[in-house]
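These notes are about the structure you will find just below.
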Amino acid sequence: MRNFQHITMLDIMAKRTFVIGDIHGALRALKQLLLKIDLREDDKIIFLGDYVDGWSESAQVIEYLIESDTIYNCIFIKGNHDISCESWLNETILDPNWKLKSGKLTIQSYESFSSERKAAHLDFFSRMKYYHVDEYNRLFVHGGFTASNGPQSEQSKNNLTTDRTLWEIAIMMDSRIKKHSVLYPKKLLLFNEICIGHTPTLTYNSDLPMCACNVWNIDTGAGFTGRLSALNIDTKEILQSDKVLFLYPHENGRN
Ligand SMILES: [Mn+2]
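Heads up: the sequence shown is residues 0 to 254, going by numbering that gives the first Met the number 0.
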């Protein structure tokens, strides 16, 4: 039988994995959240993408993530907004609207950055993963996937950053339909768990991470009126920043 002290020691020694949702330029929320997590050096952090566009510190968020990567075990998933920012840094703008709308503050945030730092950021964007599957067959992706065989078979990698149908399938499912039922979506069974961002839970009047079937949505609307969230994927403990709009009182974010 394990005594209490033994369990406590195991808890302390357990490696933790946190999944963090869409940041959207909110460096203050990110710093606050990481303090709440009280990170240890052997923790793993999986960031679900959309680091930029929204609040005024997009370039600073990227700089902070590059730094964090040297201290902690981090995995960076690529979001649709990151693709836009990467294209701009690369001088191959795909969407001219980005410069005028969601990218406007992001471009401003780069004003004080040298060309060397911009090149380092471009390199960082280019190294982000479109999806990650861990040793427990858990999938981490920004949007979702449509291919029935899984994200590796997706027609276009960009779909992985923009898809909402995976989440829509999960959330529409009747909770009485269990995994062994023929009605259960086969796609979801490819993975033990799936973590996504991209579709703010604010859409469903919640600023907490949501779970539907085996899909966890951790985009709790930090770019809008919500908070930045972290989910401990093993214990399902949730940590959150303050409402981001209170951290940037003179800004509008993506609202
Ligand atoms: Mn987003």
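Beta carbons: idealized from backbone N, C-alpha and C, even for Gly.
Asked                                                                                                                                                                                     : Found
Taking the alpha-carbon positions, what's the residue 150 to residue 79 distance?                                                                                                         : 16 Å
Using the Cβ count rule (16 or more neighbours within 10 Å means buried), how would you classify residue 228?                                                                             : buried
My output table needs one value for residue 93: the three-state DSSP class, helix, strand or coil.                                                                                        : coil
With residue 16 as the anchor, note down where its beta strand (DSSP E) starts and where it stops.                                                                                        : 16-19
Please list, in chain order, all residues with a C-beta atom less than 5 Å from at least one heavy atom of ligand 1.                                                                      : 21, 49
Helix, strand or coil for residue 157 per DSSP?                                                                                                                                           : coil
The beta strand (DSSP E) that contains residue 215, what's its start and end?                                                                                                             : 214-216
Could you name the residues of the same chain whose beta carbon sits closer than 8 Å to that of residue 258, not counting the 5 residues immediately before and after it, in chain order? : Here the chain covers residues 0 to 254 and nothing more, so residue 258 does not appear.
On the DSSP letters alone, give me the boundaries of the alpha helix (DSSP H) that residue 177 sits inside.                                                                               : From DSSP, residue 177 is part of no alpha helix (DSSP H); its letter is neither H nor E.
Quick one: give me the first and last residue of the beta strand (DSSP E) that residue 137 is part of.                                                                                    : 137-140
Secondary structure at residue 241, three-state DSSP: helix, strand or coil?                                                                                                              : strand
Is it the case that the stretch 137-147 contacts the stretch 108-126, given that we only count it when at least three CB pairs across the two stretches are under 8 Å?                    : no
Count the other C-beta atoms from every protein chain shown that fall within 10 angstroms of the C-beta of residue 234, then say buried if there are 16 or more, exposed otherwise.       : exposed
Roughly how many angstroms lie between the CA atoms of residue 250 and residue 180, to the nearest whole one?                                                                             : 48 Å
Please return the same chain residues whose Cβ sits closer than 6 Å to the Cβ of residue 239, not counting the five positions on each side in sequence.                                   : 226, 228
Is the beta carbon of residue 114 sitting closer than 8 Å to the one on residue 102?                                                                                                      : no
Please report how far the alpha carbon of residue 207 lies from the alpha carbon of residue 19, in whole angstroms.                                                                       : 12 Å
Can you list the alpha helix (DSSP H) stretches of 4 or more residues lying completely in the stretch 47-124, in chain order?                                                             : 57-70, 79-88, 95-99, 103-108
Report the rounded CA-to-CA distance for residue 156 versus residue 130, giving the unit in angstroms.                                                                                    : 9 Å
For residue 173, which option in 205, 164, 184 has the closest C-alpha, if you only look at C-alpha atoms?                                                                                : 184
Among 21, 72, 163, which one has its Cα closest to the Cα of residue 39?                                                                                                                  : 72
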